[in-house]
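The structure under discussion appears below in the form of structure tokens.
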Amino acid sequence: MSTAFDTIQPGLTLTGTPFSPTRESIRAFCDASLDYNPLHLDDDYMKTSFGKTQFGGIIMHGMNNFGVISRMLTDWLYPLGGVHRRLETRWKAPVRPGDTITPAAVVTARKVTAKSRFATLDVTVRNQRGELVASGEAMVEFPDMDAQP
Amino acid sequence: MLSTQAFETDFWKDEQLRKVWDQIVPGEPRKTLPYTLTLEAIQKYCRAVGDMHPLYFDEAYAKNSPYKGLIAPPAIHILLMFACTPPDDWMRSPGTINAGQQWSYNVPARPGDVIRLEARALDKFIRRDRLFVIHDNVFFNQHNQVICSGRGQTIRPA
Chain D
0 MSTAFDTIQP
10 GLTLTGTPFS
20 PTRESIRAFC
30 DASLDYNPLH
40 LDDDYMKTSF
50 GKTQFGGIIM
60 HGMNNFGVIS
70 RMLTDWLYPL
80 GGVHRRLETR
90 WKAPVRPGDT
100 ITPAAVVTAR
110 KVTAKSRFAT
120 LDVTVRNQRG
130 ELVASGEAMV
140 EFPDMDAQP
Chain S
0 MLSTQAFETD
10 FWKDEQLRKV
20 WDQIVPGEPR
30 KTLPYTLTLE
40 AIQKYCRAVG
50 DMHPLYFDEA
60 YAKNSPYKGL
70 IAPPAIHILL
80 MFACTPPDDW
90 MRSPGTINAG
100 QQWSYNVPAR
110 PGDVIRLEAR
120 ALDKFIRRDR
130 LFVIHDNVFF
140 NQHNQVICSG
150 RGQTIRPA
């Protein structure tokens with residue numbers, strides 16, 4: 000059995016690689032995700048009213064945030080033999096070109112089940128001003144080392 | 000492995016064909032399309048989020064890993080959602096705002112997989128003067144194994 004799980008305790012913190020979106024990176028994400036919503040492409044469109052919300056210019060895809068969080072988890076898990084099993088996110092504020100966002104996580108609980116071992120984490124993403132732009136929860140598994148991921 | 004599939008990049012083009020919030024029926028399946036996931040598409044996604052892990056780029060490394068070959072990162076469903084749906088799918092409506100997502104991962108997607116999506120709106124509601132739809136989705140590979148499943152919450156254009 001993997002011993003990595005034994006080192007995972009509540010309170011353990013992770014910090015991911017900062018990501019600095021630009022107009023070019025947002026366009027690259029459009030091409031990579033096939034999501035060409037004008038929210039991410041058209042400044043004139045983004046100057047229009049969205050009900051109570053005013054954006055003023057293009058914003059990064061929320062799912063780019065999701066990908067940055069997911070990368071933090073897999074960068075941590077792969078060397079430990081762990082598996083990324085779940086991620087839930089809520090978007091709190093838009094991310095714009097010129098921002099720098101940094102994902103972080105803290106282990107909240109461990110759970111040994113009938114067949115495996117899991118941990119849960121709270122995840123956050125903050126911008127360069129320390130503002131919360133995304134929050135959520137993740138679940139990771141530490142299976143038997145001989146088991147297929 | 001090069002992609003031969005072309006996708007519409009102008010989301011205004013088919014706007015009149017898409018269902019608006021009033022016409023979306025919770026429980027009704029969405030039209031979906033099979034999609035062959037290429038290594039090129041996987042790596043394009045990885046570069047876009049700055050994720051250069053060798054499990055996605057280095058075949059020799061990946062073969063010697065527990066995964067026994069190149070895989071896609073878990074969040075590849077970000078691409079699959081649009082790759083597996085047609086241009087008139089309401090997820091492409093300009094002004095659609097993503098409010099949150101929850102995804103569970105089973106087996107990794109791999110280059111060459113032929114991906115199938117089963118998707119539907121699950122719920123719709125009005126909250127704080129905004130029109131919401133909950134959608135749920137399951138992606139399968141060609142062996143009928145679940146790759147991942149998830150729900151998303153979008154605010155619909157009025």
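Sequences listed follow chains D and S, in order. Using numbering that gives the first Met the number 0, you'd call the opening residue of the first sequence number 0 and step up by one each time. Using numbering that gives the first Met the number 0, you'd call the opening residue of the second sequence number 0 and step up by one each time. Yeah, the Cβ is synthetic: ideal placement off N, Cα and C, and Gly gets one too.
Hey, quick one: how far does the alpha helix (DSSP H) through residue 61 (chain S) stretch, first residue to last?
What you label residue 61 (chain S) is simply residue 62 of the second sequence in a count that begins at 1. Here the alpha helix (DSSP H) through residue 61 (chain S) covers 58-62.
Contact with chain D by residue 1 (chain S), beta-carbon distance below 9 Å
If you number the second sequence from 1, residue 1 (chain S) lands on position 2. Interpretation of residue 1 (chain S) is limited by its pLDDT of 43, a score under 50 that renders its predicted location unreliable; no figure is taken from the coordinates.
Contacts that residue 31 (chain S) makes with chain B (C-beta to C-beta distance below 7 Å):
In the structure shown, chain B does not exist; the protein chains are D and S.
The beta strand (DSSP E) enclosing residue 111 (chain D), as first and last residue numbers:
Start at 1 with the first residue of the first sequence, and residue 111 (chain D) comes out as number 112. Unbroken beta strand (DSSP E) run through residue 111 (chain D): 101-111.
Judging by CA-CA distance, which residue of S:140, S:106, S:104 and S:99 is the nearest neighbour of residue 116 (chain S)?
Position 117 of the second sequence, counting from 1, holds the residue named residue 116 (chain S). The option with the nearest alpha carbon to residue 116 (chain S) is S:140.
For residue 86 (chain D), decide whether its Cβ has a neighbour in chain S, counting only Cβ atoms nearer than 9 Å.
Sequence index remark: in the first sequence, residue 86 (chain D) carries index 87 (1-based). Chain S contact via Cβ: present.
What is the residue span of the beta strand (DSSP E) that residue 132 (chain S) lies within?
Looking up residue 132 (chain S) in the second sequence gives position 133. From DSSP, the beta strand (DSSP E) with residue 132 (chain S) extends over 129-139.
Could you say which of D:2, D:14 and D:39 lies nearest to residue 105 (chain D) if we only look at CA atoms?
As a first step, residue 105 (chain D) is located in the first sequence; it is residue number 106 there, counting from the start. Closest option to residue 105 (chain D), Cα to Cα, is D:14.
Distance check for residue 42 (chain S) and residue 86 (chain S), CA to CA, integer angstroms please.
Sequence index remark: in the second sequence, residue 86 (chain S) carries index 87 (1-based). Sequence index remark: in the second sequence, residue 42 (chain S) carries index 43 (1-based). The alpha-carbon atoms of residue 86 (chain S) and residue 42 (chain S) are separated by roughly 23 Å.
State the Cα-Cα distance for the pair residue 116 (chain D) and residue 105 (chain S), rounded to the nearest angstrom.
Counting from 1 along the first sequence, the entry for residue 116 (chain D) is found at position 117. Counting from 1 along the second sequence, the entry for residue 105 (chain S) is found at position 106. Their Cα atoms are separated by approximately 15 Å.
I'd like to know if residue 48 (chain S) contacts chain D, where contact means its C-beta is closer than 9 Å to some C-beta of that chain.
Looking up residue 48 (chain S) in the second sequence gives position 49. Judged by the 9 Å Cβ criterion, residue 48 (chain S) is in contact with chain D.
Can you find the residues in the same chain that come closer than 8 Å, C-beta to C-beta, to residue 73 (chain S), ignoring five residues on each side of it along the sequence?
In the second sequence, the residue the question calls residue 73 (chain S) occupies position 74. Within the same chain, residue 73 (chain S) has close Cβ partners 102, 104, 107 and 147.
Nearest to residue 122 (chain D) (by Cα), restricted to the options D:128, D:130, D:140 and D:103:
Taking the first sequence and counting its residues from 1, the one referred to as residue 122 (chain D) is at position 123. The residue with the shortest Cα to Cα distance from residue 122 (chain D) is D:103.
Taking the alpha carbon of residue 17 (chain S) as the reference point, which residue from S:93, S:113 and S:129 has its own alpha carbon closest?
What you label residue 17 (chain S) is simply residue 18 of the second sequence in a count that begins at 1. For the residues S:93, S:113 and S:129, the minimum Cα distance to residue 17 (chain S) belongs to S:93.
Neighbour list for residue 116 (chain S) in chain D, Cβ cutoff strictly below 7 Å
Along the second sequence, one-based indexing puts residue 116 (chain S) at 117. Going along chain D, no residue has its Cβ under 7 Å from residue 116 (chain S), so there is no contact; the nearest lies around 13 Å.
Counting C-beta neighbours from all protein chains within 10 Å, is the total for residue 128 (chain S) 16 or more, i.e. buried, or is it exposed?
Here residue 128 (chain S) refers to the residue found at position 129 of the second sequence. When all chains shown are included, residue 128 (chain S) counts as exposed.
Starting from the Cα of residue 56 (chain S), find the closest Cα among S:109, S:35, S:97 and S:24 and give me that residue.
Along the second sequence, read from residue 1 onward, the residue named residue 56 (chain S) stands at position 57. Residue 56 (chain S) has its Cα closest to that of S:109, out of S:109, S:35, S:97 and S:24.
Would you call residue 112 (chain S) buried or exposed, if buried means 16 or more other Cβ atoms sit within 10 Å of its Cβ?
Locating residue 112 (chain S) in the second sequence gives position 113, counting from the first residue. When all chains shown are included, residue 112 (chain S) counts as buried.
Using a Cβ-Cβ cut-off of 6 Å (strictly less than) and excluding sequence neighbours within five positions of residue 79 (chain S), which residues of its own chain qualify?
Within the second sequence, numbered from 1, the residue matching residue 79 (chain S) stands at position 80. Cβ within range, chain order: 114 and 138.
Measuring CA to CA, which of D:75, D:6, D:135 and D:21 is closest to residue 97 (chain D)?
Taking the first residue of the first sequence as position 1, residue 97 (chain D) is located at position 98. Closest option to residue 97 (chain D), Cα to Cα, is D:21.
Straight-line CA distance for residue 7 (chain D) to residue 71 (chain D)?
Within the first sequence, the letter at position 8 stands for residue 7 (chain D). Within the first sequence, the letter at position 72 stands for residue 71 (chain D). Distance between the alpha carbons of residue 7 (chain D) and residue 71 (chain D) is about 16 Å.
One or two residues paired with residue 138 (chain D) in a DSSP bridge
Working through the first sequence from its first residue, we reach residue 138 (chain D) at position 139. DSSP lists D:85 and D:119 as partners of residue 138 (chain D).
From residue 0 (chain S) to residue 38 (chain S), what distance separates their C-alpha atoms?
For the purposes of this step, residue 0 (chain S) is taken as the residue at position 1 of the second sequence. For the purposes of this step, residue 38 (chain S) is taken as the residue at position 39 of the second sequence. For residue 0 (chain S), the predicted structure reports a pLDDT of 42, less than 50, and the residue's modelled location is therefore unreliable. The matter cannot be settled from this model.
Are the segment 57-69 of chain D and the segment 44-59 of chain S touching by the rule of at least three beta carbon pairs closer than 8 Å?
yes
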